[in-house]
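Engineer:
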């Protein structure tokens with residue numbers, strides 16, 4: 023029995039990927055904290071490394087025409103790392119269901135303290151048909167899922183009523199990713215740009231949620247609509263000029 | 023004599039800093055190449071590491087109120103690294119004169135081939151008085167300078183005649199650095215955003231020059247004026263709404 027249990031535990035820990043990086047000064051914001059887009063880029067790169075190491079990577083282009091796309095992202099952190107801190111990201115597959123896969127992360131500082139948690143939902147896209155591909159019955163992915171409780175609230179329902187945009191952004195070259203669409207880490211960046219630097223010296227965006235609805239392309243003009251729900255909770259919608267929904271999100275300051 | 027020469031050579035090589043990084047997929051542009059802002063951030067971080075290791079770092083804030091500021095940057099590269107490439111940056115102080123210090127870099131790929139060269143000019147700013155501080159007579163900096171020929175053309179004289187801006191950008195939160203000014207790597211990003219994605223799949227911005235003239239701040243609106251000088255050479259000026267010059271630059275596609 024003990025042997026069985028040990029075997030199971032080792033097996034679970036083998037499914038967890040651990041990746042470290044140092045916080046560089048030129049990746050910090052005006053409040054001296056690691057920026058969300060740079061943290062987010064590390065999250066994406068770790069997801070890819072973890073998938074590569076565990077046999078379920080799909081780097082575009084490939085013969086199966088498959089690529090992982092982010093559907094939801096929630097980043098919670100009461101403390102954002104500062105210059106020269108050594109940070110470890112731990113990541114694992116939490117659940118595989120229908121056409122989605124939940125991936126979770128812990129953000130750990132050099133003292134071993136968990137300073138942040140991340141919940142993300144991914145789909146496997148067939149980039150020829152632009153449709154969700156599903157994972158197949160004998161996917162290696164399901165074997166990778168582990169039953170580890172992260173303790174992060176589910177994403178909120180986002181509803182924005184205001185009809186006047188808080189900001190407009192035209193998609194430029196530096197917004198684009200390898201596939202020629204707006205990089206998924208640009209949306210939290212756009213959302214955070216709706217606030218002034220004072221918001222970041224007075225507090226910290228302790229929870230950020232992003233829903234990815236449609237891709238946006240070079241030259242498209244994104245309109246950002248924002249409603250303040252509670253004292254420090256903001257709901258945001260990004261739409262194109264002709265009303266196509268692109269992304270929704272929540273920012274909560276603490 | 024041979025011993026003398028050996029000693030000198032070792033001494034020079036000790037003055038050179040070598041720093042490596044891997045090109046991550048989410049740091050690549052729509053043409054699959056490492057982006058200039060991400061490369062530039064590595065250049066800045068290497069400059070700081072090299073200065074720290076050689077005793078002339080000034081990380082803001084500090085008791086002397088000194089901080090390094092970038093005055094000029096020239097990045098030349100015929101080949102920009104792609105996903106998963108392992109890149110080494112070599113950097114050294116080239117020359118110390120008046121209130122300026124020239125720093126140079128080589129960008130080396132995993133086969134040992136130099137794929138890029140960087141020339142940069144720095145000044146030491148007293149951030150209380152906002153004036154150039156100079157290096158003092160007994161600076162450790164001059165001892166660090168080495169007479170190594172990089173072979174990169176001097177920056178061009180930039181003159182833009184057009185009166186119609188090619189683009190306008192309002193400085194947002196994500197543009198700001200630790201000091202609350204627009205991050206120096208944002209200017210090459212703004213310049214490159216004047217071109218469409220097709221320019222980057224058809225060619226490569228093989229030479230980028232940036233002159234840093236004045237700092238810009240949150241909420242300021244930058245106007246970008248651009249003249250095409252030769253078939254693939256573009257001269258750019260960034261000014262605020264009221265005509266204050268902020269930055270000038272050149273982009274040459276190959």
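Residue numbers (this note's numbering), protein chains in the order written: chain A, 23 to 276; chain B, 23 to 276.
Think of the CB as a built atom: it goes at the ideal place given N, C-alpha and C, for glycine as much as any other residue.
So, using beta-carbon positions, are residue 242 of chain B and residue 193 of chain B closer together than 8 Å?
Structural biologist: Numbered from its first residue, the second chain carries residue 242 of chain B at position 220. Numbered from its first residue, the second chain carries residue 193 of chain B at position 171. Taking 8 Å as the cut-off, the beta carbon of residue 242 of chain B is found closer than this to the beta carbon of residue 193 of chain B.
Engineer: Kindly indicate if chain B contains any beta-carbon less than 8 Å away from that of residue 204 of chain A.
Structural biologist: On the first chain, residue 204 of chain A is found 182 positions in, with the first residue counted as 1. It does not; no Cβ of chain B falls within 8 Å.
Engineer: Could you check whether the Cβ of residue 236 of chain B sits closer than 8 Å to any Cβ belonging to chain A?
Structural biologist: For the purposes of this step, residue 236 of chain B is taken as residue 214 along the second chain, with counting starting at 1. So no, residue 236 of chain B is outside the interface.
Engineer: For the stretch 217 to 234 of chain B and the stretch 40 to 60 of chain B, state whether three or more C-beta atom pairs, one from each stretch, are separated by less than 8 Å.
Structural biologist: yes
Engineer: Any residues in the stretch 41 to 54 of chain A with a beta carbon nearer than 8 Å to a beta carbon of chain B? Which ones, in chain order?
Structural biologist: 46, 47, 48, 49, 50, 51, 52, 54
Engineer: What is the rounded straight-line gap between the Cα of residue 47 of chain A and the Cα of residue 105 of chain A?
Structural biologist: On the first chain, position 25 is the one that residue 47 of chain A refers to. On the first chain, position 83 is the one that residue 105 of chain A refers to. So the alpha carbons of these two residues sit roughly 5 Å apart.
Engineer: Would you say residue 24 of chain A lies against chain B (beta-carbon separation less than 8 Å)?
Structural biologist: Stepping through the first chain from its first residue, residue 24 of chain A is reached at position 2. Note that residue 24 of chain A has pLDDT 46, beneath the 50 cutoff, so the model's placement of it is unreliable and the number below is only indicative. For residue 24 of chain A, the answer is no, since every Cβ of chain B falls outside 8 Å of its Cβ.
Engineer: Consult DSSP for residue 149 of chain B and reduce its assignment to one of helix, strand or coil.
Structural biologist: What you label residue 149 of chain B is simply residue 127 of the second chain in a count that begins at 1. Residue state, collapsed to three classes: coil.
Engineer: Of all the CB atoms in chain A, is at least one closer than 8 Å to the CB of residue 31 of chain B?
Structural biologist: Counted from its first residue, the second chain places residue 31 of chain B at position 9. The predicted position of residue 31 of chain B is uncertain, since its pLDDT is 46 and thus under 50; a value taken from the coordinates is nonetheless stated next. For residue 31 of chain B, the answer is no, since every Cβ of chain A falls outside 8 Å of its Cβ.
Engineer: Can residue 91 of chain B and residue 145 of chain B be called in contact, C-beta distance under 8 Å?
Structural biologist: Along the second chain, read from residue 1 onward, the residue named residue 91 of chain B stands at position 69. Along the second chain, read from residue 1 onward, the residue named residue 145 of chain B stands at position 123. Between residue 91 of chain B and residue 145 of chain B, the CB-CB gap stays under 8 Å.
Engineer: Residue 162 of chain A CB to nearest chain B CB: under 8 Å?
Structural biologist: Reading the first chain from its first residue, position 140 is the one you call residue 162 of chain A. No - not a single Cβ of chain B is within 8 Å of the one on residue 162 of chain A.
Engineer: Within this structure, are the beta carbons of residue 222 of chain B and residue 53 of chain B separated by less than 8 Å?
Structural biologist: Along the second chain, one-based indexing puts residue 222 of chain B at 200. Along the second chain, one-based indexing puts residue 53 of chain B at 31. Their beta carbons are under 8 Å apart, which means residue 222 of chain B touches residue 53 of chain B by this criterion.
Engineer: Between the alpha carbons of residue 29 of chain A and residue 35 of chain A, how many angstroms are there, rounded?
Structural biologist: Counting from one through the first chain, the residue named residue 29 of chain A turns up at place 7. Counting from one through the first chain, the residue named residue 35 of chain A turns up at place 13. Confidence is the limiting factor: at residue 29 of chain A the pLDDT is only 46, short of 50, which leaves the residue's position unreliable and the question unanswerable from this model.
Engineer: Which of the three DSSP states is assigned to residue 16 of chain A in this structure?
Structural biologist: With chain A covering only 23 through 276, there is no way to say anything about residue 16 of chain A.
Engineer: Could you name the residues of the same chain whose beta carbon sits closer than 8 Å to that of residue 31 of chain A, not counting the 5 residues immediately before and after it, in chain order?
Structural biologist: Here the question's residue 31 of chain A lines up with position 9 in the first chain. Note that residue 31 of chain A scores a pLDDT of 46, beneath 50, so its modelled location is shaky and nothing firm can be said.
Engineer: Would you kindly work out how many angstroms separate the C-alpha atoms of residue 25 of chain A and residue 168 of chain A, rounded to a whole number?
Structural biologist: Residue mapping note: residue 25 of chain A aligns to position 3 of the first chain, counting from 1. Residue mapping note: residue 168 of chain A aligns to position 146 of the first chain, counting from 1. Because residue 25 of chain A sits at a pLDDT of 49, beneath the cut-off of 50, its placement in the model cannot be relied upon, and the point is left open.
Engineer: Please report whether the beta-carbon of residue 97 of chain A lies at a distance below 8 Å from any beta-carbon of chain B.
Structural biologist: One-based indexing of the first chain puts residue 97 of chain A at position 75. Not closer than 8 Å to any Cβ of chain B, the Cβ of residue 97 of chain A fails to qualify, so no.
Engineer: Could you name the residues of chain A that residue 63 of chain B contacts, counting a contact when the two beta carbons are closer than 8 Å?
Structural biologist: Numbered from 1 along the second chain, position 41 holds the residue referred to as residue 63 of chain B. The answer, in chain order, is 46, 48, 49.
Engineer: Using a threshold of 8 Å, state whether the C-beta atoms of residue 153 of chain B and residue 40 of chain B are closer than that.
Structural biologist: Walking along the second chain from the start, residue 153 of chain B turns up at place 131. Walking along the second chain from the start, residue 40 of chain B turns up at place 18. The answer is no: Cβ separation not under 8 Å.
Engineer: Tell me whether residue 210 of chain A is buried or exposed, calling it buried when 16 or more other Cβ atoms sit within 10 Å of its Cβ.
Structural biologist: Reading the first chain from its first residue, position 188 is the one you call residue 210 of chain A. By the 10 Å Cβ count, residue 210 of chain A comes out buried.
Engineer: How would you call residue 102 of chain B, buried or exposed, if buried means at least 16 neighbouring beta carbons within 10 angstroms?
Structural biologist: On the second chain, position 80 is the one that residue 102 of chain B refers to. By the 10 Å Cβ count, residue 102 of chain B comes out buried.
Engineer: Cβ atoms of residue 37 of chain A and residue 116 of chain A: under 8 Å apart, would you say?
Structural biologist: Position 94 of the first chain, counted from the start, is the residue given in the question as residue 116 of chain A. Position 15 of the first chain, counted from the start, is the residue given in the question as residue 37 of chain A. Cβ atoms of residue 116 of chain A and residue 37 of chain A: not closer than 8 Å.
Engineer: Taking the runs of the alpha helix (DSSP H) that are 4 residues or longer, which of them lie wholly in the stretch 134 to 202 of chain A?
Structural biologist: 162 to 166, all fully within the stretch 134 to 202 of chain A.
Engineer: Answer yes if the stretch 124 to 131 of chain A comes into contact with the stretch 196 to 208 of chain A, meaning at least three C-beta pairs across the two stretches below 8 Å, and no otherwise.
Structural biologist: no
Engineer: Residue 135 of chain A to residue 172 of chain A, Cα distance in whole Å?
Structural biologist: Sequence index remark: in the first chain, residue 135 of chain A carries index 113 (1-based). Sequence index remark: in the first chain, residue 172 of chain A carries index 150 (1-based). Straight-line Cα distance between these residues: approximately 14 Å.
Engineer: For residue 240 of chain A and chain B, any beta-carbon pair shorter than 8 Å?
Structural biologist: Sequence index remark: in the first chain, residue 240 of chain A carries index 218 (1-based). Yes, residue 240 of chain A counts as interfacial toward chain B.
Engineer: Please report the straight-line C-alpha distance between residue 266 of chain B and residue 244 of chain B, rounded to a whole angstrom.
Structural biologist: Reading the second chain from its first residue, position 244 is the one you call residue 266 of chain B. Reading the second chain from its first residue, position 222 is the one you call residue 244 of chain B. Going from the Cα of residue 266 of chain B to the Cα of residue 244 of chain B covers about 9 Å.
Engineer: Residue 272 of chain A and residue 180 of chain A: beta carbons closer than 8 Å?
Structural biologist: To locate residue 272 of chain A, count along the first chain from 1; it is residue 250. To locate residue 180 of chain A, count along the first chain from 1; it is residue 158. In contact: residue 272 of chain A and residue 180 of chain A (Cβ atoms closer than 8 Å).
Engineer: Counting only beta-carbon atoms, is residue 217 of chain B nearer than 8 Å to chain A?
Structural biologist: Counting from one through the second chain, the residue named residue 217 of chain B turns up at place 195. So yes, residue 217 of chain B belongs to the interface.
Engineer: Within 10 angstroms of its Cβ, does residue 234 of chain A collect 16 or more other Cβ (buried), or is it exposed?
Structural biologist: The residue labelled residue 234 of chain A in the question sits at position 212 within the first chain. With 16 or more Cβ atoms within 10 Å of its Cβ, residue 234 of chain A is classed as buried.
Engineer: Which runs of the alpha helix (DSSP H) spanning at least 4 residues fall entirely within the stretch 200 to 260 of chain B, listed in chain order?
Structural biologist: 208 to 214, 219 to 224
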